[in-house]
Amino acid sequence: MRSNKKWATVYLVFVFLILYTPIIYLIYYSFNSGGMMHDFQHFTLKWYQEVLHDTRLWIIVLNTLTIALLSAAISTILGVIGALAIYYVKKRHMKQLLLTLNNVLIVSPDVIIGASFLILFTIIGIQLGFTSVLLSHIAFSVPIVVLMVLPKLQEMSPTLIDAARDLGANQWDVLTKVILPFITPGIFAGFFMALTYSLDDFAVTFFVTGNGFSTLSVEIYSRARQGISLSINALSTLLFLFTVVLVIGYYFISQKSSTLYGMRGRRK
Amino acid sequence: MKNSVRNVYLLPYIIWIGLFVVAPILLILYYSFFDIDGNWTFANYKTFFTPIYLKMAASSVWYAFLITFFSLLVAYPTAYFLTKTKHKQLWLLLMILPTWVNLLLKVYAFLGIFGTYGLANAILETIGIGTKQILFTDFSFVFVSVYIFIPFMILPIFNSLEELNPTLIDAARDLGASAWTTFRRVVFPLTLDGVKAGCQAVFIPALSLFMITRLVAGNRVITLGTAIEEHFLVTQNWGMGSTIAVFLIIAMAIVVIMTGNRK
Amino acid sequence: MRKLISLFAAVFFASFVLLYASALLNKTEGYSGKNTLTVYNWGDYIDPALIKKFEKQTGIKVIYQTFDSNEAMMAKIAQGGTTFDVAVPSEYAISKMKEEGLLIPLDHSKLPNLKYINPRFLNLSFDPGNKYSVPYFWGTVGIVYNPEMIGGKKITSWNDLWDKDLRNQILLVDGAREVIGMGLNSLHYSLNDTNKKHLQEAKEKLDRLTPNVKAIVGDEIKMLLVNEEAAIGVVWSGDAAEIIAENDKLDYVVPKEGSNLWFDNMVIPKTAKNIEGAHQFINFMLDPKNAAQNAEYVGYSTPNEKALDYLPKEVTEDKRFYPDFESVGNLEVYENLGKRMLAYYNELFLQFKMHRK
Numbered sequence: 001m002r003s004n005k006k007w008a009t010v011y012l013v014f015v016f017l018i019l020y021t022p023i024i025y026l027i028y029y030s031f032n033s034g035g036m037m038h039d040f041q042h043f044t045l046k047w048y049q050e051v052l053h054d055t056r057l058w059i060i061v062l063n064t065l066t067i068a069l070l071s072a073a074i075s076t077i078l079g080v081i082g083a084l085a086i087y088y089v090k091k092r093h094m095k096q097l098l099l100t101l102n103n104v105l106i107v108s109p110d111v112i113i114g115a116s117f118l119i120l121f122t123i124i125g126i127q128l129g130f131t132s133v134l135l136s137h138i139a140f141s142v143p144i145v146v147l148m149v150l151p152k153l154q155e156m157s158p159t160l161i162d163a164a165r166d167l168g169a170n171q172w173d174v175l176t177k178v179i180l181p182f183i184t185p186g187i188f189a190g191f192f193m194a195l196t197y198s199l200d201d202f203a204v205t206f207f208v209t210g211n212g213f214s215t216l217s218v219e220i221y222s223r224a225r226q227g228i229s230l231s232i233n234a235l236s237t238l239l240f241l242f243t244v245v246l247v248i249g250y251y252f253i254s255q256k257s258s259t260l261y262g263m264r265g266r267r268k
Numbered sequence: 001m002k003n004s005v006r007n008v009y010l011l012p013y014i015i016w017i018g019l020f021v022v023a024p025i026l027l028i029l030y031y032s033f034f035d036i037d038g039n040w041t042f043a044n045y046k047t048f049f050t051p052i053y054l055k056m057a058a059s060s061v062w063y064a065f066l067i068t069f070f071s072l073l074v075a076y077p078t079a080y081f082l083t084k085t086k087h088k089q090l091w092l093l094l095m096i097l098p099t100w101v102n103l104l105l106k107v108y109a110f111l112g113i114f115g116t117y118g119l120a121n122a123i124l125e126t127i128g129i130g131t132k133q134i135l136f137t138d139f140s141f142v143f144v145s146v147y148i149f150i151p152f153m154i155l156p157i158f159n160s161l162e163e164l165n166p167t168l169i170d171a172a173r174d175l176g177a178s179a180w181t182t183f184r185r186v187v188f189p190l191t192l193d194g195v196k197a198g199c200q201a202v203f204i205p206a207l208s209l210f211m212i213t214r215l216v217a218g219n220r221v222i223t224l225g226t227a228i229e230e231h232f233l234v235t236q237n238w239g240m241g242s243t244i245a246v247f248l249i250i251a252m253a254i255v256v257i258m259t260g261n262r263k
Numbered sequence: 001m002r003k004l005i006s007l008f009a010a011v012f013f014a015s016f017v018l019l020y021a022s023a024l025l026n027k028t029e030g031y032s033g034k035n036t037l038t039v040y041n042w043g044d045y046i047d048p049a050l051i052k053k054f055e056k057q058t059g060i061k062v063i064y065q066t067f068d069s070n071e072a073m074m075a076k077i078a079q080g081g082t083t084f085d086v087a088v089p090s091e092y093a094i095s096k097m098k099e100e101g102l103l104i105p106l107d108h109s110k111l112p113n114l115k116y117i118n119p120r121f122l123n124l125s126f127d128p129g130n131k132y133s134v135p136y137f138w139g140t141v142g143i144v145y146n147p148e149m150i151g152g153k154k155i156t157s158w159n160d161l162w163d164k165d166l167r168n169q170i171l172l173v174d175g176a177r178e179v180i181g182m183g184l185n186s187l188h189y190s191l192n193d194t195n196k197k198h199l200q201e202a203k204e205k206l207d208r209l210t211p212n213v214k215a216i217v218g219d220e221i222k223m224l225l226v227n228e229e230a231a232i233g234v235v236w237s238g239d240a241a242e243i244i245a246e247n248d249k250l251d252y253v254v255p256k257e258g259s260n261l262w263f264d265n266m267v268i269p270k271t272a273k274n275i276e277g278a279h280q281f282i283n284f285m286l287d288p289k290n291a292a293q294n295a296e297y298v299g300y301s302t303p304n305e306k307a308l309d310y311l312p313k314e315v316t317e318d319k320r321f322y323p324d325f326e327s328v329g330n331l332e333v334y335e336n337l338g339k340r341m342l343a344y345y346n347e348l349f350l351q352f353k354m355h356r357k
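Written out as structure tokens, the structure is:
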């Protein structure tokens, strides 16, 4: 039993190491006076200084974060609705059809999504910029939310709903007090995956943006031809550290509040 | 009464599907029948059934399968061990964090790490195996792809495992089942939904990988995504690009039907 | 449920804070003002100090957007959603854009600094009379290599690459015209050859090169060559200059059979709103001192003759990047071969890529 625990820890540590190696590599070279991601010369903070003075880059970062947060939130809401819709459909063929349609955007290469959205927006007459990027990000994030939420719905025992109804709950209560709490882990998973999709996206954003609105991904990919300067490493390091602090902070705050309300389960 | 509730959920979702899924699909279908000069033709479809594109399609499916398989292999134990830790939500989030660093940057880092004079080879040297060509191989391609897709596989499996009633495992062990049998007969089947969701979230996008095939595989691996990107951007042959996309969608539909339906 | 609500509340609150901050920053930078100029350029392809200098000199605020490929840029301009005032396409893109009516003719009377451009770089086939474009940077396609890694050999021609000793030592750029063009040049055909028999010949010769080709890559080729992942790379001269700056063991040569002469040029797309400002910007970049400063920052070869006076001697006398044209072999500009022929080139290139497995 004891050795199992040890192997588990070793395995997890190993996975963590591999996941973080490229990140540490990036952070390491952000201090390189050499200018490239190899051959460390000597320690310098000049890249960080460059980043802090680049106002245009910061506007881009703010844009990126806003789009990511908003699109993830809205697409999660839409995705939950979608998952519920698919869950309640009884006919199998209809279910498969909806699922296939749902997954079309995940399988389509970004170029096609970008190009077709561009045509769509032109026909409708939506101005390119913040709105078009936001709509596109919501659009391609919804499917992944559905994929993350659906299995939780399927795992849910229908007797839970029956029991709630028997006890006199109305539709709204069933939704908010039974279903949603049960699928919350799926909702969180969907939200974080939507965030990832949004933060990483280049091709779709590139096609549908305009009027000076740009995101970090577009900026970074555009710099690839010239060689990505280490100031991008510096920026990524700052963003990364900020997120780590946020995550750890959020976690310990929620720990505190949940012990207050006694929500900690007796999970081993 | 139940019917009206179902309609309420369906409505906003159907609107989204109509606008952002059906419309683009129709557009793609429409374009697939035009050749490069704008004439109506079936030639694109004929071209797809030539050895070049069929080989590409087979290659895409094969690599997507490999990536999904290894992601599952690595992600399942990870998710399982995570559920046993004390601050599991925290560790889970920390595992997802690296995903938010820009993809291009991470791949550039891998180019450095897997390079001939990089970290990986340095380790291989010290343990005596010696420098090997890691970049531009199938191995590095699958490795980096799995690296990118891992969180998509870990999350749904983690969620499924969390749902698992631990007394079921205790019961199985009490009845004399070995650890492996418990896993095979109790744990895995009950987490199948999560596994399926993870596989879908990895296999489907892996079919159209483009960036990684060029960056890490040096175009030694050619997927349908490579061809589509070229047709849409370089040649401006939206017709052929759309045709390939149609087949991608069909392949995805097959995957959905095969992995779908339970009760 | 409470957790869900608090998460979403936090997210919406954060996004509005971010939006507000971004709007504030935009205001202070003057981006939402009236007198603006939208410039559409390759990433990191201009000295940011020059933009500031221009803004100070003219009072016009520059909105700077970047793209990573000509095709993507053309798609955006054609779609018309953004009012780009100045763009910097490559030469083959210009003939395409002319065809599709995407460019506005330049008013040469507003560009007095045009006289400083080396006349050799004016009036070229892709834009006779420079009606629509003005050269920005130029270069060649050639071979960058590390003599140490190939036993001290010297490379002078395309055909040298087919040497059996160079197994797995070559990196190629991911460009159909560059690679097929290399095949054509090695057979002493023109880069703009449309004869299908010749093209097939070139493709078959390229197939025989595959044992020597390690990978076909994009912009990361620079990093790979500097890291000595491979001994040889077929690259653009601008890339070569950067590579050599980082690792001086490498050398660059324009093969003697001939090669491609490329240009990146400033144009005014049809989406332009501030045409007056666009001309001011172009004229500003044509100023010899500014062109020299830009060349120093970007590292590519400038077509501005007078600017050479302001650059260090070891740069301007480097024959690799400022060749004297008489001694170099046949350098050709890419002609617009038409959609069908280009599609054929791409098919061949795709087949070449697949042949490697």
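Protein chains in written order, with full-length UniProt numbering: chain E, 1 to 268; chain Z, 1 to 263; chain Y, 1 to 357.
Glycine is no exception: its CB is placed at the ideal position from the N, C-alpha and C atoms.
Everything numeric in this text was worked out from a predicted model, so none of it was measured.
For Ile150/Z, the enclosing alpha helix (DSSP H) has its first and last residue at 138 to 163. From the listed residues Leu104/Z, Ile169/Z, Ser32/Z, Asn39/Z, the smallest Cα separation to Phe183/Z is found for Ile169/Z. Within chain Y, not a single residue places a beta-carbon under 7 angstroms from that of Ala251/Z; the smallest gap is close to 19 angstroms. Identification of chain E residues near Pro189/Z by a Cβ-Cβ cut-off of 9 angstroms yields none; the smallest Cβ-Cβ distance measures about 12 angstroms. At a cut-off of 7 angstroms between C-beta atoms, Lys106/Z counts as an interface residue with respect to chain E. Judged by DSSP secondary structure, Trp238/Z falls outside any beta strand (DSSP E) and instead within the alpha helix (DSSP H) spanning 238 to 259.
For the region 179 to 195 of chain E, the set of positions with a beta-carbon nearer than 8 angstroms to some beta-carbon of chain Z reads Pro185, Gly186, Ala189, Phe192, Met193, Leu195 in chain order. For Gln236/Z, the closest Cβ of chain E is not nearer than 7 angstroms. Nearest to Leu135/E by alpha-carbon distance, out of Phe42/Z, Ile257/Z, Trp16/Z, is Trp16/Z.
The beta-carbon distance between Val218/E and Leu118/E, rounded to whole angstroms, is 14 angstroms. This is too long to meet the 8 angstroms contact definition.
Not flagged as an interface residue toward chain E: Thr140/Y, since no C-beta distance is shorter than 7 angstroms. Residue pairing by DSSP places Tyr300/Y in no beta bridge whatsoever. Just measuring C-alpha positions, the residue of Ser116/E, Leu12/E, Lys95/E sitting nearest Ala253/Z is Lys95/E. Assignment of Pro147/Y by DSSP, reduced to helix, strand and coil, places it in the helix class. Between Gly181/Y and Val253/Y, the CB-CB gap reaches or exceeds 7 angstroms. Here the alpha carbon of Ala231/Y sits roughly 10 angstroms from the alpha carbon of Lys214/Y. Residues Phe203, Ala206, Leu207 of the same chain have their beta carbon placed closer than 7 angstroms to that of Ala64/Z, with the five preceding and five following residues left out of the count. Boundaries of the alpha helix (DSSP H) harbouring Ser15/Y: 2 to 29, taken from the DSSP string.
When DSSP states are grouped into helix, strand and coil, Thr243/E belongs to the helix group. Annotation: Cβ neighbours of Lys55/Z in chain Y (cutoff 7 angstroms, chain order): Met354. With at least 16 other beta carbons inside 10 angstroms of its own, Ser132/E counts as buried.
The Cβ atoms of Leu106/Y and Gly277/Y lie no closer than 7 angstroms to each other.
If one requires a minimum length of 4 residues, the alpha helix (DSSP H) runs lying completely within the region 183 to 224 of chain Y are 196 to 209, in chain order. By the CB criterion at 7 angstroms, Arg214/Z and Gly218/Y fall inside the cutoff.
With respect to Asn185/Y, Glu257/Y sits close: the two C-beta atoms are nearer than 7 angstroms. Phe263/Y: member of the beta strand (DSSP E) spanning 259 to 269, first to last residue.
Around the beta carbon of Gly82/E, 16 or more other beta carbons sit within 10 angstroms, so the residue counts as buried. Using a CB distance cut-off of 7 angstroms, Ala215/Y counts as an interface residue toward chain Z.
Each of Ile253/E, Asn103/E, Leu70/E was checked against the Cα of Val22/Z, and the nearest Cα belongs to Asn103/E. Residue pairing of Glu317/Y in beta bridges, as defined by DSSP: absent, with no partner found. With three or more CB-CB distances shorter than 8 angstroms, the region 51 to 62 of chain E counts as touching the region 224 to 239 of chain E. Taking every protein chain shown into account, the CB of Trp172/E has fewer than 16 other CB atoms within 10 angstroms, so this residue is exposed. What Thr99/Z touches in chain E, judged by beta-carbon distance under 7 angstroms, is Thr196, going in chain order. The closest CA to that of Leu230/E, considering only Ile150/Z, Leu105/Z, Asn159/Z, is found on Leu105/Z.
Remark: C-beta atoms of Asp264/Y and Arg223/E do not approach each other more closely than 7 angstroms.
Close partners of Lys339/Y in chain Z (Cβ separation under 8 angstroms): Ile36, Asp37, Thr235, Gln236, Asn237.
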